[in-house]
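In order, the protein sequences belong to chains X and C.
Just add 1 to the spot in the first sequence (first one is 1) and you have the numbering used here.
For the second sequence, counting from 1, position 170 maps to 151 in the numbering used here; every step adds exactly one.
Please read the structure below before turning to the comments.
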Amino acid sequence: MGLRTQIILTLALLAVVLGGCGQEIDPNEPQGFVQTKGSDTMVNAVQMVAEEFMKEYPHVFVAVTGGGSGVGIASLINKTCGVASASREMKPKEIEMALKQDVNPKEFVVAYDGVAVIVNKGNPIDKLTIEDLHRIFTGKATRWSQFGGKDLPIVTLSREVSSGTHMYFKEEVIQLGKKDNKEEFSKETLLLTSSQAIVEEVAGNEAAIGYLGMGYLSDRTKALWIGKGQDFHPPDVANVLQKTYPLSRPLYVYTDGAPQGIVKLFVDYTLSPTGQKQFIETGFVPRGAAVGREP
Amino acid sequence: MVENRSESIASRVKRPSAEAGALASWNRLRRRLGEPIIETCIKLSGLVVVVFVFLIFLFLLKDSLSLFRQYPISKFLFGTEWLPISDPPQFGVIPLLLGSIYVTVWAILICVPLGVGSAMFIAEVAPKHLKNVLKSLVEILASIPSVVLGFLGILWLAPALRDTFHLSTGMCGLTGSLLLAFMALPTIISISEDALTSVPRTYREAAYGLGATRWQTLWRIVLPSASPGILAAVMLGIGRVVGETMVVLMVTGNAPVMPKSILQPLRTLTATIAGEMGETVGGSDHYYALFAVGLVLFAITFAINFVADLFLRRDRK
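See the structure below:
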């Protein structure tokens, strides 16, 4: 092959490559980058929504990161993400912080979730009351035999403090939903960094008990029936819908001000039937089904 | 020196005189200009590092002081409760500090005998081909990412320890210590091995001349003369262990208790910062408290590196 042919070939190749780069995008078509950050409970669902969304709008890139609801809200306030997902409401202190940074958080309920309490499959206990959970996680009860189980010490597992599920569980179980209650998780409680780490530890440890969003339930662990008083229910879609499962909560996304442009497009897509379908597939309860509960 | 030698070689080669003259003047110019430029660059890069360390320290100090304006320093330094999201929050650093100390001390107890032993074997006993293989294996050991070790720890080591010691959970200090020991080994082995190899040959020859056995020479002569270097290796290993984050965050359980035993879950300084930093909003108490924890950590690693440096310096004299 002569030198000249080589040069011509190279140029031709270059033209093809560069031509590919310069492909015209319809200026009316949405394009850009959306960063969503926050709840680990929701991260799988939001990721699936984002993937579907990017199929629909190929010129918009949506990045989904977990870390915990607190992480999402903090980065919304620090203006490092466009959409924050959270499995708890923003705290008044956080809203105050946000306003100080000139961020006006706008809230959307995107789905509903039950917080499941899981134990090892070898654990004979099937149901506990909220009061039992309270005693276990505050360290007042320390052995499974106190609840008719095996003679083993109870190992309590929790998420890190950045988790919205941690906050929810603390308010509803540790402090029993009372605002003036200052009780804390027992100091012996293991703080694990992800829901998956909790699944791993519970699956391998007969003495362990942990909690997580319904979306993380699998047949490697056993989800307890939870009751207020003597009315026990399993964490499933029907019971979350009817509010008969006592540890149910809404899941939120927050944006800075009323969403605009591609952020609005993404939030609308999340609330649309296709978006909601992804939440159902990852084990959550869609927003529409429980719409009657919204004020 | 290298410059001189290349010049002398160049002068031996016969060249047309005009070209040689041009080359020589170019060399002279390069030496006159190049040397100071390179020298300044090197000096600057050295200074930049010092400035960075100083700025990091100032930054940590500034944000820590912001905490102490709202939260008494005595309660931070001597408090035994770490409850950052309670109302009011408690930022007692003692349980975290003790957690770090427990994990580090045990890691060192495990890895120093192993590390120094392997270094002695590699430097003194192993035949040459084995020596090369071992040295490269140690380097490979150093290149395993800590998150991979943490993953192995969760899936394999923690359950194994739980069953061995009949613990309620395998997520405990010892799991962290073992993995950290594993991570500190390459540092300790390679620096100790250097220290042992740099013991002058004459020491060994004198020992053999006096009728000492190989073991006596190694144990009583070589090891003591390499001891400052080995101590420095141990100190650098400690520095590595104290500052390691990912592994301890993944496997030690992170319960902010006052640790009483290495077989219980505990929370270290580094895991606290990594686990909680994402959640804090810039300017809150909690945010500043994590900086204060960082300052404590910085002080510890600084002290350790300083001591290690002292030993290394003594070694050089």
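Ideal placement from N, C-alpha and C gives every residue a C-beta, glycine not left out.
A quick note: this is a predicted structure, and the numbers were derived from the prediction, not measured.
Does residue i have its Cβ less than 9 Å from a Cβ in chain X?
i: C/Thr249; result: no
i: C/Glu16; result: no
i: C/Ala139; result: yes
i: C/Ser171; result: no
i: C/Val274; result: no
i: C/Met164; result: no
i: C/Met216; result: no
i: C/Gly300; result: Summary: the structure shown does not reach residue 300 of chain C, with chain C confined to residues -18 through 298, and so no result is reported for it.
i: C/Asp309; result: As shown, chain C starts at -18 and ends at 298. That puts residue 309 of chain C outside it, with no answer to give.
i: C/Ile219; result: no
i: C/Leu133; result: no
i: C/Ser149; result: yes
i: C/Gly80; result: no
i: C/Asn235; result: yes
If you run the structure through DSSP and keep just helix, strand and coil, what is residue i?
i: X/Thr140; result: It should be pointed out that residue 140 of chain X corresponds to Gly in this sequence rather than to Thr. Note: X/Gly140 maps to coil in three-state DSSP.
i: X/His234; result: strand
i: X/Ser86; result: strand
i: C/Ser179; result: coil
i: C/Ser242; result: coil
i: C/Leu115; result: helix
i: X/Thr256; result: strand
i: C/Leu138; result: helix
i: X/Glu282; result: helix
i: X/Tyr212; result: strand
i: X/Leu177; result: coil
i: X/Ile227; result: strand
i: C/Phe163; result: helix
i: C/Ala107; result: coil
i: X/Glu108; result: strand
i: C/Gly98; result: helix
i: X/Phe62; result: strand
i: X/Gln277; result: helix
i: X/Pro287; result: strand
Counting C-beta neighbours from all protein chains within 10 Å, is the total for residue i 16 or more, i.e. buried, or is it exposed?
i: X/Val174; result: buried
i: C/Ser127; result: buried
i: X/Gly214; result: buried
i: X/Thr37; result: buried
i: X/Gln277; result: buried
i: X/Lys101; result: exposed
i: X/Asn45; result: buried
i: X/Gln261; result: exposed
i: X/Val61; result: buried
i: X/Ala51; result: buried
i: X/Thr271; result: buried
i: C/Thr145; result: exposed
i: C/Leu148; result: buried
i: C/Asp44; result: buried
Please return the same chain residues whose Cβ sits closer than 8 Å to the Cβ of residue i, not counting the five positions on each side in sequence.
i: C/Val274; result: Val74, Leu77, Leu250, Thr253, Ile254
With a threshold of 9 Å between beta-carbons, can residue i be considered close to chain C, or not?
i: X/Val162; result: yes
i: X/Val264; result: no
i: X/Leu225; result: no
i: X/Glu173; result: no
i: X/Ala208; result: yes
i: X/Glu90; result: no
i: X/Ile74; result: yes
i: X/Ile78; result: yes
i: X/Val116; result: no
i: X/Val156; result: yes
i: X/Glu108; result: no
i: X/Lys278; result: no
i: X/Gly178; result: no
i: X/Glu201; result: yes
Excluding the 5 residues preceding and the 5 following residue i in the sequence, name in chain order all residues of the same chain whose CB lies nearer than 7 Å to its CB.
i: X/Gly140; result: Ser187, Glu189
i: X/Met43; result: Ser86, Ser88, Leu252
i: X/Trp226; result: Asp127, Lys128, Phe233, His234, Pro235
i: X/Thr194; result: Glu161
i: C/Pro64; result: A small fix is needed here, since residue 64 of chain C is Leu in this sequence, not Pro. The residues are Pro70, Gln71.
Is there at least one non-hydrogen atom of the ligand ADP closer than 8 Å to the beta-carbon of residue i?
i: X/Asn182; result: With respect to small molecules bound, the structure shown includes none, and the ligand ADP cannot be examined in it.
What residues in its chain sit with their C-beta under 6 Å from that of residue i, if we drop five residues either side in the sequence?
i: C/Trp87; result: Ser158, Ile243
i: C/Gly80; result: Pro240, Leu247, Arg248, Thr249
i: X/Gly165; result: Ser40, Ser70, Ala87, Ser88, Arg89
i: C/Glu(-12); result: The predicted model places C/Glu(-12) with a pLDDT of 49, which falls under 50 and marks its position as unreliable, so this point remains unresolved.
i: C/Val222; result: Thr85, Ala88, Leu161, Ala165
* To do: Within the segment 118 to 173 of chain X, note down every full beta strand (DSSP E) run reaching 3 residues or more, in order along the chain.
  => 128 to 130, 156 to 160
* Could you tell me which uninterrupted alpha helix (DSSP H) segments, each at least 4 residues in length, are contained entirely in the segment 227 to 278 of chain C, listed from first to last along the chain? => 227 to 232, 250 to 258
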